Amino acid sequence: MELFNVYPLYDVTLVKGEGCNVYDDNDTEYLDLYGGHGVISIGHCHPHYVEAVKKQVETLGFYSNSVRNPIQEALSEKLGQLSGCEEYSLFLCNSGAEANENALKLASFHTGRSKVVAFSNSFHGRTSAAVAVTDNERINAPLNRQHEVELLPLNDLDAVDKVLAQKDVAAVIMEGIQGVGGLDEGTTEFFKGLEALCRQYGTVLILDEIQSGYGRSGRFFAFQHHGIQPDLITIAKGMGNGFPIGGVMIGPSFEPSFGLLGTTFGGNHLACAAALSVLEVIEKEQLIEGVEVLSKFLKERLKSLPGVQRIKGRGLMMGLEFDFEVAALRKRMIHEKRIFTGGSSNRRLLRILPPLNVTKEELAHFADALEALLKVEPA
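Residues in the sequence shown are numbered consecutively from -13, following the working numbering.
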C-alpha cells in the first residue's frame, strides 16, 4: 500500500531533533524556523518534555474520559493561570480542526441558530464545519458547503453589522492573526467593534488561537493585544509541542450538559502530560516575555533586505512579504542554507514560526543566510 500524497515533499528525511535544530538521515543539521506548521513551541526534544512524556507512558498512557484524570485538572488550572483566563472551562480534544468543530457546535446549541460568519482568507481546519468556514474553495467539498456560512472582509464592521442585525447568526469565528491566509490581522478598532456587535445581537464570538496562541504573538493569546474577551477560544498546535492535542476554552455563560460534547482520545493521560510540561517550560523559562525582544531583533535585521516590501504579523509569528513569489527561495533556504521556513496562500510571503526558545544567534544566522541568497541569483 502506498501513502496518499498530501503535501509536495522536500527531498529531506528527518530523523531527530534538538532545540531549534533537526537532523536528516545523513546527520545533516537544519535550523527549524517553521516548527512543522508552528507546532513546536518549546523546541524539539526539550528535556523536561521528554521526561514528562516518558514518565507518563511508563505509568498510564490512556484511559477514557469516564474516569477522573488529575492531569487534565492540573493542565486546566495551569492554562487558566498562564493565559489569564481562569474563569473559562476547558474541553480537550485532539486537534485544531476538532476544536473549531466543537466550538461551532457549542455556539449553535447555545443560540439555537445555524448561520456562521467568517472572514476572507481565513483557515480553520479541514473537517466538515471547520473547512466550511475556511476561505478556500479548493478544499471545500460539496458536502461542506451545506453549512450556512457568510464570508466577510476583514476589518469591515459595517458588513458585519448588516449580517448580525438579522439575528440569525450563531457565531462569528476569526483568527487572532491569520496564519495560512498570510498574517493579516484585525485592527484593535475591529476587534472591539466585533465584540460589541456580538454582544448586541446575541452572537457567540469564537477566537481561533490555534496558530497565534501559546505566546507566539508576545501575549498568551493574540486577541489580548486588543483588550477583548471572546466567548470561546480554540487552541492546539503549540499546546502539545508535537503531541496531538487541542481544546476549546469555554466562557462562563455556557452551561455544561452531559453528552453535549464528547471524545474518546481527547484529553488522554499522555496528551495531558505533554501539554502540561509545555506550560511548565513556558513559565519556568519565561518564554513569552522574551518573544517581543526576539521579534524586534529579527525585524531590525530583516527590514532592509532587498525585495522585502513589508514585515507582517506579531512576535514570532512573522511574515516577510517580497516583490516576488517565494517558493523557489524556500527551496534554496532548505537545500543551500539548511533552514526550514514556511509559506502561505500569499505566494509572496515567507512565514517564520520558530520555537519560542529560539536564540538571537539562530535568528541572526537566518537573517545572514537570507541576505546572502537574496544577493545571489539562483543557479
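Just so you know, even glycine gets a beta-carbon here, dropped at the ideal spot from N, CA and C. Keep in mind it's a predicted model, so treat the numbers as computed, not measured.
Limits of the alpha helix (DSSP H) - the one that residue i falls within
{"i": "Gln295", "result": "Segment Val294 to Arg300 is the beta strand (DSSP E) holding Gln295; no alpha helix (DSSP H) there."}
{"i": "Gly179", "result": "Thr174 to Tyr187"}
{"i": "Val(-2)", "result": "Note, Val(-2): premise wrong, no alpha helix (DSSP H); not H, not E."}
{"i": "Ile274", "result": "Leu273 to Leu288"}
{"i": "His114", "result": "Note on identity: in this sequence residue 114 is Ser, with His being the wrong assignment. Ser114 to Ala118 is the extent of the alpha helix (DSSP H) around Ser114."}
{"i": "Ala208", "result": "First-last for Ala208: undefined, no H or E at that position."}
{"i": "Val149", "result": "Leu143 to Leu150"}
Cβ neighbour criterion (16 or more within 10 Å) applied to residue i
{"i": "Gln152", "result": "exposed"}
{"i": "Asn12", "result": "exposed"}
{"i": "Asn343", "result": "buried"}
{"i": "Asn366", "result": "The shown model of the chain, from -13 to 365, leaves out residue 366, and the question about it has no answer."}
{"i": "Gln295", "result": "exposed"}
{"i": "Ser239", "result": "exposed"}
{"i": "Val(-13)", "result": "Reading off the sequence shown, one finds Met at residue -13, where the question assumed Val. The residue in question, Met(-13), is exposed, as its Cβ has fewer than 16 Cβ neighbours within 10 Å."}
{"i": "Ala365", "result": "The predicted model places Ala365 with a pLDDT of 48, which falls under 50 and marks its position as unreliable; any figure quoted below should be read in that light. By the 10 Å Cβ count, Ala365 comes out exposed."}
{"i": "Tyr200", "result": "buried"}
{"i": "Gln58", "result": "buried"}
{"i": "Val362", "result": "exposed"}
{"i": "Gln186", "result": "exposed"}
{"i": "Ser69", "result": "buried"}
Chain-order list of residues whose beta-carbon lies under 7 Å from that of residue i (same chain, five-residue window excluded)
{"i": "His212", "result": "Thr174, Phe177 and Lys178"}
{"i": "Lys100", "result": "For the record, residue 100 in the displayed sequence is Ser; it is not Lys. Same-chain partners within the cutoff: Ser94, Glu134 and Ala156."}
{"i": "Phe352", "result": "Leu17, Leu19 and Ile325"}
6 Å CB neighbourhood of residue i in its chain, flanking five on each side removed
{"i": "Val8", "result": "Leu0, Tyr16 and Asp18"}
{"i": "Glu266", "result": "none"}
{"i": "Ile231", "result": "Met225, Ala257 and Ala261"}
{"i": "Glu278", "result": "Gly204"}
{"i": "Glu136", "result": "Val103 and Val149"}
In DSSP terms, what residue i is bridged to
{"i": "Cys258", "result": "Per DSSP, none; premise fails for Cys258."}
{"i": "Lys101", "result": "Val155"}
{"i": "Tyr9", "result": "Lys2 and Glu15"}
{"i": "Thr194", "result": "Correcting the residue type first, residue 194 is Asp in the shown sequence and not Thr. Beta-bridge pairing links Asp194 to Glu161 and Thr220."}
{"i": "Leu76", "result": "Met235"}
{"i": "Gly328", "result": "Arg337"}
Same chain only: Cβ atoms within 8 Å of residue i, ignoring 5 sequence neighbours per side
{"i": "Gly245", "result": "none"}
{"i": "Ile297", "result": "Lys285, Leu288, Lys289, Met304, Gly305, Leu306 and Glu307"}
{"i": "Pro139", "result": "Phe105, Ser106 and Ala145"}
Start and end residues, beta strand (DSSP E) containing residue i
{"i": "Glu348", "result": "Element bounds for Glu348: not the beta strand (DSSP E) but the alpha helix (DSSP H), Lys346 to Leu360."}
{"i": "Gly213", "result": "From DSSP, Gly213 is part of no beta strand (DSSP E); its letter is neither H nor E."}
{"i": "Met408", "result": "Residue 408 is absent from the model: the chain starts at -13 and stops at 365."}
{"i": "Glu136", "result": "Val135 to Leu138"}
Any non-hydrogen atom of the ligand GDP within 7 Å of residue i CB
{"i": "Phe229", "result": "Because no ligand of any kind appears in the structure shown, any question about the ligand GDP cannot be addressed here."}
Inset, instruction - Just list the alpha helix (DSSP H) runs in the region 15 to 55, keeping only unbroken ones of 4 residues or longer that don't cross its boundaries, in chain order. - result: Counting only runs of 4+ residues, the alpha helix (DSSP H) found wholly inside the region 15 to 55 occupies 21 to 24 and 33 to 43, in chain order.
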